[in-house]
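Enquirer:
Protein chains: 4
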Amino acid sequence: MSGNSIGRLFRVTTWGESHGVATGAVGDGCPANLSLSESDIQKELNLRNPGLSPSSSARKEEDIVEILSGIFEGKTTGTPISLIIKNRDVKSGDYANLKDVFRPGHGDITYQRKYGIRDYRGGGRASARETAARVAAGAIAGKIIDLAGMEVIAYTVELGGIMADRRDLADIGGNALCCPDVEAAKKMQDRLDEAKKKGDSLGGIVEIVVKGCPSGLGEPVFEKMDAGLAGALMSIGSVKGVEIGAGFRVARMSGSECNDPITPEGFLSNNAGGILAGITNGDDIVIRVACKPIPSIEITQQTIDIYGKPETISIHGRHDVCVIPRIVPVCEAMVRIVLADHFLRHQSANGSKLFG
Amino acid sequence: MSGNSIGRLFRVTTWGESHGVATGAVGDGCPANLSLSESDIQKELNLRNPGLSPSSSARKEEDIVEILSGIFEGKTTGTPISLIIKNRDVKSGDYANLKDVFRPGHGDITYQRKYGIRDYRGGGRASARETAARVAAGAIAGKIIDLAGMEVIAYTVELGGIMADRRDLADIGGNALCCPDVEAAKKMQDRLDEAKKKGDSLGGIVEIVVKGCPSGLGEPVFEKMDAGLAGALMSIGSVKGVEIGAGFRVARMSGSECNDPITPEGFLSNNAGGILAGITNGDDIVIRVACKPIPSIEITQQTIDIYGKPETISIHGRHDVCVIPRIVPVCEAMVRIVLADHFLRHQSANGSKLFG
Amino acid sequence: MSGNSIGRLFRVTTWGESHGVATGAVGDGCPANLSLSESDIQKELNLRNPGLSPSSSARKEEDIVEILSGIFEGKTTGTPISLIIKNRDVKSGDYANLKDVFRPGHGDITYQRKYGIRDYRGGGRASARETAARVAAGAIAGKIIDLAGMEVIAYTVELGGIMADRRDLADIGGNALCCPDVEAAKKMQDRLDEAKKKGDSLGGIVEIVVKGCPSGLGEPVFEKMDAGLAGALMSIGSVKGVEIGAGFRVARMSGSECNDPITPEGFLSNNAGGILAGITNGDDIVIRVACKPIPSIEITQQTIDIYGKPETISIHGRHDVCVIPRIVPVCEAMVRIVLADHFLRHQSANGSKLFG
Amino acid sequence: MSGNSIGRLFRVTTWGESHGVATGAVGDGCPANLSLSESDIQKELNLRNPGLSPSSSARKEEDIVEILSGIFEGKTTGTPISLIIKNRDVKSGDYANLKDVFRPGHGDITYQRKYGIRDYRGGGRASARETAARVAAGAIAGKIIDLAGMEVIAYTVELGGIMADRRDLADIGGNALCCPDVEAAKKMQDRLDEAKKKGDSLGGIVEIVVKGCPSGLGEPVFEKMDAGLAGALMSIGSVKGVEIGAGFRVARMSGSECNDPITPEGFLSNNAGGILAGITNGDDIVIRVACKPIPSIEITQQTIDIYGKPETISIHGRHDVCVIPRIVPVCEAMVRIVLADHFLRHQSANGSKLFG
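Protein chains in written order, with numbering that gives the first Met the number 0: chain A, 0 to 355; chain B, 0 to 355; chain C, 0 to 355; chain D, 0 to 355.
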């Protein structure tokens, strides 16, 4: 039933539908006395907004966040931080024709079957719009992990079949696709343009790196760090796969290739992706997620209506061609939320590296 | 801190170290009046036991489960079901030489760093032995989902670089590697033999299919069915990647390829892997997990001791060459546990398909 | 850390400070397809508002609730229901003089010590104002238990030493103190008037009865129905004691007096208060809570400032003389929230009495 | 459904029936490197055992605890600590005649109605025997709070209508009833003897004091310290009321009487019972619980059988006359468990007073 909260010590609850009054988040369990302002959060939200890229939706979402509680004189007080993002520029009329028909690849059919009712306007709660609240809450988490010296960076490593050959993190900000390989970014953009022309959409892969993560975070056995990250990232609507470190490549490795040799200076490789037996080992955490193509496409598709009769559908409107780059800050937010929670858990028994 | 429980309504807690007195599980929240006997659980445990395959550890673990509570006259009573598996044939002496040195690819170094103490005998809590308790608890979950008409089947689809070309589920039981492609199984076995000779180990991929899953299971947004499955499977020590349906392949698909067309008779494809927007759609759930090679190998590796000094290590003893096939029932168990929990959650608000 | 949520299947999260922008609640896990409107919630909130009674604060809080999510075309959709109550008529200036001094009986000193910071305006998060969000969320819970045929009624049985001799529930609505004994209500009112003149405040006892509760709700052993009720009610700021059925009187009973004899027509007495071994027995649930006097009084008190220096304090402003009657709907709300959660839990394994 | 766990960071799960193979507990989340031996736990268990007092059951329960996991070389490792207490001297035959009839005041009828099945032997899971596991787990919690300088002491303040006039804690150990007033203890014993002769039973009140509790523990608003304590104590089968500090007496106080004046040296009174706004204030925590008479009595009672037909019942066997003194260590255990959990929660955000 209830499933809209994540985290045990730092716990985020989100709410809101695509075409409702607003969406929002409550961040509970943030330590007191951290500086936090609306602009700290707004900065993250802006990364998620449709920008210059033709891959992005034309719906002009200037998501403006307001802090409703939990901050006093610019600082967190330890009480729940309530955030609200009012919905603007909402044209529900666009969706009236989708009332009675299930869009392939969307949650329309499963929400209807589960609940016997659904807010069909723009996907309701299953809309990507729900992720705005995650990004806002992730900004609170960011304050916690910043203090602990951790940094989370996500970027595009594959889109429409084009792979980034390089990981030049300095280049991420320089292109609309958040790609660390500028040459690849151009080719990705070409693919997006082609897909747009065809009325189709594309998938891709986002990689997330955590730098500065201390060793010791993660709670065996069911609440391992990698288990928490996998669950949190797989909860993003478009994600169909999550891998840590060498990920699926480990299946073709031998032990002598896969084991990361240990030296007094650290590990000689990072196939583990910074996590051993569910606990961080002090190396960078490296995660990749596979994002499916946006299911709303103009190309005509076969489907059924809510009465079970065959239908065809061609979806017009303000849709992105790919969840990249807008999903990039969402991935960062989810990783920050998991890290903040695990950092606080670790503190509970292992004393204060931070707040002492 | 506490991290050894999973599930909200059907909740499993496991405990125990590789070379302690015993391992066990408590299954809490099982509905009353289900038939459950030790042999129901033993049957599953036996699947995890070292069998004929040379890939398996020579440690003779006849894991015998005992039910300590929760059953009365052969039926569940709704109270916690406590299971114990006593450790036998334990040779702690084998591990004395590992007291002061960290084995690459193992949790030795992270447990030491997190806790400042570790039970170094056989990996302690981080041992694969911990999964025996999962399998035992999974057998309880199996009773719940059996009733609901769900069936979970896992099998090997890749090992040491050899891929199964076929999914002939009838063949799974006919080979030691639980592979649905008998020809591939032979080649996989050859690879295992080679690796064993070299003192090395191998990785692989296990696929899990859920048949008969009703539509409507899974709780948006953070407790989606796929999020739960990903977290549960990633909590298995060897797993470094989880994908649902088309998984990482979606990154290279277009929307028109990836979306599963809907017809009155059902979906025409299953790239979604049976889950849309985190809720089951009535189709088979399909999951794949990437398993890393067993880190304990005879080949000499570079490492450090607990004082930080460089060391080399060659690990002898009764180790498997690959976690396959022993991980197969563990994957099934974790999926059953997640399904049982989600089935009960769904019941809570949507009425009784089962117990009415 | 995070502690602002209650419930497992129906989960309520509240947020907001007395003198912040707003307070609110998120109700997650409400079944779909229940009718719910703002007026359903407003009706409950109005009961908590300062009314005619001189015992009530002069702060004119017309708490207007807005539903921000989770409702579509007048019905719940199964997604989180976000409620907001904007703060109006807030005079923070009133509290500037309390910035540096701890009010006896208040949370000022403990919040300061726990968090090292506090929103001193009107008690911040520790204000009774926080309970508005509970009442609003309780109205959602009310929809669930209404359907199940349960009814929750709270009323005043003691105030300022005056005890209600009768339990004429029809009289509750007819007096400002929600007392089922009109004669006693008059005497209570006299006591309130006296206390007000002295600049003092008074305590009292509220009794809560649940009618129509089916047998079988409550989960042994730590999540018994009475344990859940006690925790939920004790979480109300003013409550210092909770008792079920005969409550503290059981200490002076013999077994032959205390045991409720069972007959085919039901129990002959109700010392159990409707709960046996943590599970409802089908009889009325009866609970009493002891409410302390409001700590803000004009009478001069001894205290210290935030630097530890002795101070005296006389608190002027818009304070109630007694938490009764405003706490009455808060008690009802907490009981409804616990019942709704337990009802859904029970459904999960025992099939649908309601939603089938 | 699942309801046999308590705590968030330090989490205890218990299992076992009165006449099953064993009862036990899993303590998860205990910090590493604490010394813990079976004798530490046995010491607590012995306090719960039938001793010299004629008020105690004649069933000779030498509860012997075994540690099955989580300890290595005498120290906690941070992994789950599994405890088992095997049932001995069990005569199920004694209970065969109770198979078809509901004992008044017991959970027989509610378990049967909830689950449709029950282990009728000795009350099954609803037996007071279940509390042995609580006491064992409480000993682990004791190790955590010992370190933090907290001490929990429970004692009898009322039994069969006799009240202790004094609180001479040094006298608690000197009488079989754990009463801090030796004179009162004698009168209580007389009452017990009388009740035993009549085949009846008696109730009483236990007071629990926590000394040395630091200020700042407890998480507003639903997870306040007092809410946690009330829920934990009310989960003990016999408890029908819980009060903190002045408890129900606050109902008759004025604010000027009830508020504890604050001075640089501390509070001048302790009506708050050490908790303000749900957070500990550094003073002693004081709690009282009302315990009902043991429902198993020889005096003939009116009841029904499982088919709903009227019956009379006279219960013979090895029953105590009063839950006091055996409930005393159970109360201590529950308070220790709550304190340990809250201590760890507080640590998570507020740094290490202990483990640094």
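Glycine is no exception: its CB is placed at the ideal position from the N, C-alpha and C atoms. Nothing here was measured: the structure is a model prediction, and the numbers come from that model.
What residue range does the alpha helix (DSSP H) around V134/D cover?
Expert: Against the fourth sequence, residue 134/D aligns to sequence position 135. First-last of the alpha helix (DSSP H) with V134/D: 130-146.
Enquirer: To the nearest angstrom, how far is it from the Cα of H105/C to the Cα of T130/C?
Expert: For the purposes of this step, residue 105/C is taken as residue 106 along the third sequence, with counting starting at 1. For the purposes of this step, residue 130/C is taken as residue 131 along the third sequence, with counting starting at 1. So the two alpha carbons sit approximately 16 Å from each other.
Enquirer: Suppose you measure from the CA of T155/B to the CA of K185/B; what does that come to, to the nearest Å?
Expert: To locate residue 155/B, count along the second sequence from 1; it is residue 156. To locate residue 185/B, count along the second sequence from 1; it is residue 186. Each residue's alpha carbon lies about 12 Å from the other.
Enquirer: Which bits of chain C does L201/D rub up against, with CB to CB less than 7 Å?
Expert: The sequence position of residue 201/D within the fourth sequence is 202, counting from 1. Within chain C, the residues near L201/D are S253.
Enquirer: Alpha carbons only, please: which of L82/A, D39/A, A250/A is nearest the one belonging to V322/B?
Expert: Within the second sequence, the letter at position 323 stands for residue 322/B. Ranking the options by Cα distance to V322/B, first place goes to A250/A.
Enquirer: Using the three-state DSSP reduction, which class does L191/A fall into: helix, strand or coil?
Expert: Counting from 1 along the first sequence, the entry for residue 191/A is found at position 192. Reduced to three states, the DSSP call for L191/A is helix.
Enquirer: For L343/A, go through chain D and note every residue whose CB falls closer than 7 Å to its CB, in chain order.
Expert: As a first step, residue 343/A must be located in the first sequence, where it is residue number 344. S347, A348, listed in chain order.
Enquirer: Could you tell me which chain C residues have their CB closer than 7 Å to the CB of S367/A, listed as they occur along the chain?
Expert: Lying before the first or after the last residue shown, residue 367/A is absent from chain A, which here runs from 0 to 355.
Enquirer: Taking the alpha-carbon of I284/C as reference, which of G273/C, R317/C, H318/C, G121/C has the nearest alpha-carbon?
Expert: The sequence position of residue 284/C within the third sequence is 285, counting from 1. Ranking the options by Cα distance to I284/C, first place goes to G273/C.
Enquirer: Report all residues from its chain with a CB closer than 7 Å to the CB of I303/D; omit the five preceding and five following residues, and keep chain order.
Expert: The count along the fourth sequence starts at 1 and reaches residue 303/D at position 304. Closer than 7 Å at Cβ, skipping near neighbours: F101, P309, E310.
Enquirer: Does the Cβ of I63/A have 16 or more other Cβ atoms within 10 Å, making it buried, or fewer, making it exposed?
Expert: As a first step, residue 63/A is located in the first sequence; it is residue number 64 there, counting from the start. The residue in question, I63/A, is exposed, as its Cβ has fewer than 16 Cβ neighbours within 10 Å.
Enquirer: Going straight from the alpha carbon of L51/A to that of H18/A, what length do you get?
Expert: As a first step, residue 51/A must be located in the first sequence, where it is residue number 52. As a first step, residue 18/A must be located in the first sequence, where it is residue number 19. Residue confidence for L51/A is low, a pLDDT of 44 falling below 50, so the modelled location carries little weight and cannot support an answer.
Enquirer: Using only the alpha-carbon positions, how far apart do M224/C and D282/C sit?
Expert: Numbered from its first residue, the third sequence carries residue 224/C at position 225. Numbered from its first residue, the third sequence carries residue 282/C at position 283. Going from the Cα of M224/C to the Cα of D282/C covers about 13 Å.
Enquirer: Following the continuous beta strand (DSSP E) through A348/B, name the residue where it begins and the one where it ends.
Expert: One-based indexing of the second sequence puts residue 348/B at position 349. Per DSSP, A348/B belongs to no beta strand (DSSP E); it is in the alpha helix (DSSP H), 326-349.
Enquirer: Are the CB atoms of V288/D and L232/D within a distance shorter than 8 Å?
Expert: Counting from one through the fourth sequence, the residue named residue 232/D turns up at place 233. Counting from one through the fourth sequence, the residue named residue 288/D turns up at place 289. Yes, Cβ-Cβ distance for L232/D and V288/D is below 8 Å.
Enquirer: Taking 8 Å as the cut-off, does the stretch 156-168 of chain B touch the stretch 204-222 of chain B (at least 3 CB pairs, one atom from each stretch)?
Expert: The stretch 204-222 of chain B, when compared against the stretch 156-168 of chain B, does touch it at the 8 Å Cβ threshold.
Enquirer: What residues from chain A crowd round R117/C, counting only those whose CB sits closer than 8 Å?
Expert: In the third sequence, residue 117/C corresponds to position 118, counting from 1. By Cβ distance, chain A contributes F71, T76.
Enquirer: Express the C-alpha separation of A271/C and P53/D in angstroms, rounding to a whole number.
Expert: One-based indexing of the fourth sequence puts residue 53/D at position 54. One-based indexing of the third sequence puts residue 271/C at position 272. Caution is warranted here: a pLDDT of 49 is assigned to P53/D, below 50, making its placement in the model unreliable, and no coordinate value can be reported.
Enquirer: Where does the unbroken alpha helix (DSSP H) through D170/B begin, and where does it stop?
Expert: As a working mapping, residue 170/B is identified with position 171 in the second sequence. Taken as a continuous stretch (DSSP letters only), D170/B belongs to no alpha helix (DSSP H), as it is neither H nor E.
Enquirer: Which ranges would you report for the beta strand (DSSP E) in the stretch 235-289 of chain A if only whole runs of at least 3 residues count?
Expert: Entirely contained in the stretch 235-289 of chain A, the beta strand (DSSP E) runs reaching 3 residues are, in chain order, 238-243.
Enquirer: Can you name the residues of chain A whose CB is closer than 9 Å to the CB of R7/D?
Expert: Indexing the fourth sequence from 1 puts residue 7/D at position 8. Those within 9 Å of R7/D in chain A are R7, L8.
Enquirer: Would you mind working out which of E157/D, A229/D, L191/D sits nearest R248/C, comparing C-alpha positions?
Expert: Residue mapping note: residue 248/C aligns to position 249 of the third sequence, counting from 1. When each option's Cα is compared against that of R248/C, the closest is E157/D.
Enquirer: Could you work out which residues of chain B lie near P213/C, taking near to mean beta carbons separated by less than 8 Å?
Expert: Numbered from its first residue, the third sequence carries residue 213/C at position 214. Those do not exist, as P213/C stays about 15 Å from chain B at its closest Cβ, beyond 8 Å.
Enquirer: Can you tell me whether DSSP reads R10/C as helix, strand or coil?
Expert: What you label residue 10/C is simply residue 11 of the third sequence in a count that begins at 1. It is a strand residue.
Enquirer: Just the Cα atoms here: how many angstroms apart are D319/D and N86/D?
Expert: Your numbering for residue 319/D matches position 320 in the fourth sequence. Your numbering for residue 86/D matches position 87 in the fourth sequence. Rounded to the nearest angstrom, the two C-alpha atoms are 18 Å apart.
Enquirer: Determine, for A21/C, whether the minimum Cβ-Cβ distance to residues of chain A falls below 8 Å.
Expert: Taking the third sequence and counting its residues from 1, the one referred to as residue 21/C is at position 22. Cβ-Cβ to chain A under 8 Å: yes for A21/C.
Enquirer: Is the distance from the Cβ of I278/B to the Cβ of L191/B below 8 Å?
Expert: In the second sequence, the residue the question calls residue 278/B occupies position 279. In the second sequence, the residue the question calls residue 191/B occupies position 192. Result no, Cβ atoms of I278/B and L191/B do not sit closer than 8 Å.
Enquirer: Please state whether DSSP places S38/A in a helix, a strand or coil.
Expert: Translated into positions along the first sequence, residue 38/A becomes position 39. In this structure, S38/A counts as helix in the three-state DSSP scheme.
Enquirer: Please report the residue range of the beta strand (DSSP E) in which T311/D lies.
Expert: The residue you call residue 311/D lines up with position 312 of the fourth sequence. Unbroken beta strand (DSSP E) run through T311/D: 309-312.
Enquirer: Whole angstroms is fine: what's the gap from G227/C's alpha carbon to T78/C's?
Expert: Here the question's residue 227/C lines up with position 228 in the third sequence. Here the question's residue 78/C lines up with position 79 in the third sequence. Whole-angstrom Cα-Cα distance: 24 Å.
Enquirer: Run through chain D and tell me which residues come within less than 8 Å of C177/C, C-beta to C-beta.
Expert: On the third sequence, position 178 is the one that residue 177/C refers to. The contacting residues do not exist; C177/C stays about 15 Å from chain D at best.
Enquirer: Is the Cβ of P30/B closer than 8 Å to any Cβ of chain C?
Expert: Counting from 1 along the second sequence, the entry for residue 30/B is found at position 31. It does: the Cβ of P30/B has a partner Cβ on chain C nearer than 8 Å.
Enquirer: Tell me which same chain residues have a C-beta within less than 8 Å of the C-beta of H315/D, skipping the five on either side of it?
Expert: In the fourth sequence, counting from the first residue as 1, residue 315/D sits at position 316. Closer than 8 Å at the Cβ level, and outside the excluded window around H315/D, lie E297.
Enquirer: Between the Cα of I261/A and the Cα atoms of F221/B, G236/B, P263/B, Y306/B, which residue gives the shortest distance?
Expert: As a position in the first sequence, residue 261/A is number 262, starting the count at 1. Per the Cα distances, Y306/B.
Enquirer: Restricting to Cα atoms, I'd like to know which of V20/A, R335/A, D167/A is closest to G211/A.
Expert: One-based indexing of the first sequence puts residue 211/A at position 212. Out of V20/A, R335/A, D167/A, R335/A has the C-alpha closest to the C-alpha of G211/A.
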